[in-house]
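Here the sequence shown is numbered in our numbering, starting from 254 and rising by one per residue.
Ideal placement from N, C-alpha and C gives every residue a C-beta, glycine not left out.
In this text, all values refer to a predicted model and were calculated from it rather than measured experimentally.
Take a look at the structure set out below.
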Amino acid sequence: MRRKIVAGNWKMNTNVAEGVSLAKDVVAKLNEVPQDVNLIIAPPFTHLVSVAEAIKGSKVALSAQNCADEVKGAYTGEVAVSMLQSAGCTYTILGHSERRQYYGETSEKLVKKMRLALEAGISPIFCVGEMKEERLANKHFDVVEAQIKEVLFELSAAEVANVVIAYEPVWAIGTGLTATAEQAQEIHAFIRKVVADKFGAKVADDMSILYGGSCKPSNAKELFACKDIDGGLIGGAALKAEDFIAIAQSY
Ligand code: 13P
């Protein structure tokens, strides 16, 4: 079944103590969040074990921000999905535009990462989204479709059923610019159709598609009211428990 999800991507922010404290603040405010809204937080790797402890027994789920494209071994600096699993993660973000842009993340690598995560029972939060020039050239549908085809279409319907998609227009990330509810709904509906055409209506209907890009308490309500927007992947505003919870309350 399609789920409402508000996920916080902390990116490369906070030290361990600050991260634990933020996680505890989120847990302390959970009674303010509607029952049917699922919360996920994605701290840096170094924080995972401590944050897992801080959210233990609550409904907040733990996510990583990336994983290795190999199982284990001589890959200095990489973190394997089995490690994420043992640290308490049930999700990992994959294909974030910052990884595509700054770390050469390719679709080929992402297919490997997605497979490994899914085999380990970790749900990928798979990110797609166009750059500003692509939006201005009216190419956003093509770009997003290609990103989905190159990665998701390599997986089975059963695997895709465990994937969450996050649509994050690059021009809206950290810029204060947000896609209008209309722009976001339009492309979310398109994403669902691309998934439906390949994997069937049921997989597409059940899939949660999140919006990301300067989502904050003041605009979340309008975005989440859209038919095909099932929540948000939140960056900056997830670093303040108050704002993150306020966004989750927007449903
Ligand atoms: P901001 O909410 O800071 O724009 O970041 C969005 C994002 O990239 C979440 O993954």
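(request) Identify which residue in 370, 327 and 290 has its Cα closest to the Cα of residue 316. (result) 370
(request) Mind checking which residues open and close the beta strand (DSSP E) that includes residue 469? (result) Looking at the DSSP string, residue 469 is not in any beta strand (DSSP E), and its letter there is neither H nor E.
(request) Please work out which residues of its chain come closer than 7 Å, Cβ to Cβ, to residue 475, disregarding the five sequence neighbours upstream and downstream, and give them in chain order. (result) 434
(message) Can you tell me whether residue 287 is buried or exposed? The criterion is at least 16 other CB atoms within 10 Å of its CB, across all chains shown.
(response) exposed
(request) Identify every run of the alpha helix (DSSP H) within the segment 262-322, keeping only runs that are complete inside it and at least 4 residues long; order them along the chain. (result) 269-281 and 301-308
(message) For ligand 1, I want to know if residue 293 counts as a neighbour, meaning its beta carbon is within less than 7 Å of at least one of the ligand's heavy atoms.
(response) no
(message) Is residue 467 close to ligand 1? I mean its beta-carbon at under 7 Å from any heavy atom of the ligand.
(response) yes
(request) For the beta strand (DSSP E) holding residue 350, just list the boundary residues, first then last. (result) Segment 350-355 is the alpha helix (DSSP H) holding residue 350; no beta strand (DSSP E) there.
(request) Let me know if residue 386 comes out buried or exposed under the rule of 16 or more other beta-carbons within 10 Å of its beta-carbon. (result) exposed
(request) Grab me the residues of residue 254's own chain with a C-beta within less than 7 Å of its C-beta, minus the 5 sequence neighbours each way, in chain order. (result) 459
(message) For ligand 1, I want to know if residue 490 counts as a neighbour, meaning its beta carbon is within less than 7 Å of at least one of the ligand's heavy atoms.
(response) yes
(request) Would you check if the distance between the CB atom of residue 389 and the CB atom of residue 366 is smaller than 8 Å? (result) no
(request) Compare the Cα-Cα distances from residue 262 to each of 327, 397 and 426 and report the closest residue. (result) 426
(request) Go to residue 394, then tell me how far its alpha helix (DSSP H) extends in each direction, as first and last residue. (result) 393-404
(message) Suppose the cutoff is 6 Å on Cβ atoms and the five residues either side in sequence are ignored; what does the same chain contact list for residue 308 look like?
(response) 276 and 280
(message) Relative to the C-alpha of residue 372, which candidate in 413, 361 and 398 has its C-alpha closest?
(response) 413
(request) Along the beta strand (DSSP E) that carries residue 413, what are the first and last residues, could you check? (result) Run containing residue 413: none in the beta strand (DSSP E); it sits in the alpha helix (DSSP H), 410-413.
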